[in-house]
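Colleague: Numbering (this note's numbering), first residue to last: 141 to 448.
Here a beta-carbon is modelled for each residue, glycine too, at the ideal position from N, C-alpha and C.
1) Could you tell me the distance, in whole angstroms, from the CA atom of residue 208 to the CA atom of residue 171?
2) Grouping DSSP H, G and I as helix and E and B as strand, with all else coil, what is residue 365?
3) Give the range of the alpha helix (DSSP H) segment to which residue 236 is assigned.
4) Closest to residue 429 by C-alpha separation, out of 303, 154, 148, would be which residue?
5) When you compare each of 264, 262, 301 to residue 281 by their alpha carbons, which one comes out closest?
6) Please classify residue 441: does DSSP put it in a helix, a strand, or coil?
7) CB-CB under 7 Å to residue 169, same chain, minus the five flanking residues each way: which ones, in chain order?
8) Going by DSSP in three states, residue 197 sits in which element: helix, strand or coil?
9) Can you find the residues in the same chain that come closer than 6 Å, C-beta to C-beta, to residue 236, ignoring five residues on each side of it along the sequence?
10) Quick check on residue 313: buried or exposed, where buried means 16 or more other Cβ atoms within 10 Å of its Cβ?
11) If you draw a straight line from the alpha carbon of residue 257 to that of residue 269, how long is it in whole angstroms?
12) Helix, strand or coil: which one does DSSP assign to residue 316?
13) Residues in its own chain within less than 8 Å of residue 182 by CB, not counting five upstream and five downstream?
14) When DSSP labels each residue in this structure, what does residue 306 get in the three-state scheme?
15) By the DSSP assignment, the beta strand (DSSP E) with residue 272 in it spans what residues?
16) Using only CA atoms, which one of 273, 238, 264, 439 lies nearest to residue 251?
17) So residue 401 and residue 367 are supposed to be a Cβ contact under 8 Å. How far apart are they, rounded?
18) Ends of the beta strand (DSSP E) at residue 426?
19) With distance defined between alpha-carbon atoms, name the residue in 435, 262, 215, 160 nearest to residue 241.
20) Quick check on the burial criterion: 16 or more other C-beta atoms within 10 angstroms. Buried or exposed for residue 286?
21) Note the first and the last residue of the continuous beta strand (DSSP E) segment covering residue 325.
22) Let me confirm a value: residue 406 is counted as buried when at least 16 other C-beta atoms fall within 10 Å, else exposed. Which label applies?
23) Roughly how many whole angstroms lie between the Cα atoms of residue 167 and residue 195?
24) According to DSSP, is residue 432 part of a helix, a strand, or is it coil?
25) Determine the closest residue to residue 422 out of 347, 247, 371, with distance taken between C-alpha atoms.
26) Does the Cβ of residue 221 have 16 or more other Cβ atoms within 10 Å, making it buried, or fewer, making it exposed?
27) Classify residue 238: buried if its beta carbon has 16 or more other beta carbons within 10 angstroms, exposed otherwise.
28) In whole angstroms, what separates the C-alpha of residue 160 from that of residue 205?
29) Here's a check: name, in chain order, each residue in its chain whose Cβ is nearer than 6 Å to the Cβ of residue 392, leaving out the five neighbours to either side.
30) Tell me whether residue 296 sits in a helix, a strand or coil according to DSSP, three-state version.
31) Where does residue 359 sit, in a helix, a strand or coil, going by DSSP?
What follows is the structure in structure tokens.
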């Protein structure tokens, strides 16, 4: 398929605008810093292609014809639109404008990321965000395929294609019925929990919690007893409240539990050689192909990390 060259050149449109403004070809050439012969020749060739006179040449200068008035009206729109296009693209290249697609891992409490990013959007009205909620594996794939610009998920991440920066961490706590013997103490080591059954939710958070549990228990020299439930991790807490086992949950999720459940559970801090178990969260992006606006947001997130 052949590509046709546009019939009009922006330089020609500019010549018409300046001639009309200056009132003469000589004045236009002086304003443009060019030769009068070049401006005159450009106008003559344009009029020949259009088969119409845009100016009436007189001894006192050049005046627009009716056709020239109509032509200039549309030429002004194109010239101003070109300037706007240039400025918008320049702002995009500086990260001052654009739509950023953000993927959020399901284990992050609702509203945490959007509250931070939307406040940035208010300060930078040229920036807006769209969101998608996915599991960690799906977010990684979306980043690699450039379906999203930025992802907020648990760290660390495999591979070298994705760059990351840490943002915050949530402590992971054990949840059991109020009357549980360990609940009376308030803290427990992994070794003290080795003979208990851990209830694991069937979602992305459950997978993350199971991986953490296996790693911590093996470090303590044990293999944990687990039972996967066909419900999401937040609903597993209700099963733990009934005495079916122990649930693990990031403490940031505790505020989303109904009051009736909170009254029936005890929250136990789990202590190990590393202090307290936690989920580390961070921002991730394609190392080589990340839009300027997304890079600007990443720098903002890095500065705000300590406030998370």
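Modeller: Here's the rundown:
1) Residue 208 sits at position 68 when you count from the first residue of the chain shown. Residue 171 sits at position 31 when you count from the first residue of the chain shown. Residue 208 and residue 171: Cα-Cα distance of roughly 20 Å.
2) Your numbering for residue 365 matches position 225 in the chain shown. Three-state result, residue 365: strand.
3) On the chain shown, residue 236 is found 96 positions in, with the first residue counted as 1. In this chain, residue 236 is not harboured by any alpha helix (DSSP H), its DSSP state being neither H nor E.
4) Along the chain shown, read from residue 1 onward, the residue named residue 429 stands at position 289. Looking only at 303, 154, 148, the smallest Cα-Cα distance to residue 429 is reached by 303.
5) Position 141 of the chain shown, counted from the start, is the residue given in the question as residue 281. The option with the nearest alpha carbon to residue 281 is 301.
6) As a first step, residue 441 must be located in the chain shown, where it is residue number 301. Residue 441: helix per DSSP, three-state reduction.
7) Position 29 of the chain shown, counting from 1, holds the residue named residue 169. Excluding sequence neighbours, residue 169 sits near 175, 176, 179.
8) Stepping through the chain shown from its first residue, residue 197 is reached at position 57. Residue state, collapsed to three classes: strand.
9) Locating residue 236 in the chain shown gives position 96, counting from the first residue. Non-local beta-carbon contacts of residue 236 in its own chain, meaning distances under 6 Å to residues more than five positions away in sequence, involve 266 in chain order.
10) For this step, residue 313 is matched to residue 173 along the chain shown. By the beta-carbon neighbour count (other beta carbons within 10 angstroms, threshold 16), residue 313 is buried.
11) Position 117 of the chain shown, counted from the first residue, corresponds to residue 257. Position 129 of the chain shown, counted from the first residue, corresponds to residue 269. The alpha-carbon separation between residue 257 and residue 269 amounts to approximately 8 Å.
12) Residue 316 sits at position 176 when you count from the first residue of the chain shown. If DSSP states are grouped into helix, strand and coil, residue 316 belongs with the strands.
13) Stepping through the chain shown from its first residue, residue 182 is reached at position 42. The answer, listed in chain order, is 151, 152, 155.
14) Sequence index remark: in the chain shown, residue 306 carries index 166 (1-based). Residue 306: strand per DSSP, three-state reduction.
15) By 1-based counting over the chain shown, the position of residue 272 is 132. Note, residue 272: beta strand (DSSP E), 267-274.
16) To locate residue 251, count along the chain shown from 1; it is residue 111. Here the closest residue by C-alpha is 273.
17) Numbered from 1 along the chain shown, position 261 holds the residue referred to as residue 401. Numbered from 1 along the chain shown, position 227 holds the residue referred to as residue 367. The C-beta distance from residue 401 to residue 367 rounds to 19 Å, too long to meet the 8 Å contact threshold.
18) Counting from 1 along the chain shown, the entry for residue 426 is found at position 286. Segment 418-426, the beta strand (DSSP E) holding residue 426.
19) Sequence index remark: in the chain shown, residue 241 carries index 101 (1-based). Selected option, being the one with the closest Cα: 435.
20) Along the chain shown, one-based indexing puts residue 286 at 146. Exposed.
21) Working through the chain shown from its first residue, we reach residue 325 at position 185. Residue 325 -> no beta strand (DSSP E), and no H or E assigned at all.
22) Along the chain shown, one-based indexing puts residue 406 at 266. Around the beta-carbon of residue 406, 16 or more other beta-carbon atoms lie within 10 Å, marking it buried.
23) Taking the chain shown and counting its residues from 1, the one referred to as residue 167 is at position 27. Taking the chain shown and counting its residues from 1, the one referred to as residue 195 is at position 55. Rounded to the nearest angstrom, the two C-alpha atoms are 14 Å apart.
24) As a working mapping, residue 432 is identified with position 292 in the chain shown. In the structure shown, residue 432 sits in a helix (DSSP, three-state: H, G or I).
25) The count along the chain shown starts at 1 and reaches residue 422 at position 282. Closest option to residue 422, Cα to Cα, is 247.
26) In the chain shown, residue 221 corresponds to position 81, counting from 1. It counts as exposed.
27) Here residue 238 refers to the residue found at position 98 of the chain shown. Classification of residue 238: buried, given that the 10 Å Cβ count is 16 or more.
28) The count along the chain shown starts at 1 and reaches residue 160 at position 20. The count along the chain shown starts at 1 and reaches residue 205 at position 65. Distance between the alpha carbons of residue 160 and residue 205: 10 Å.
29) Here the question's residue 392 lines up with position 252 in the chain shown. Hits under 6 Å: 249, 310.
30) Counting from 1 along the chain shown, the entry for residue 296 is found at position 156. For residue 296, the three-state secondary structure derived from DSSP is coil.
31) If you number the chain shown from 1, residue 359 lands on position 219. Three-state DSSP puts residue 359 in a helix.
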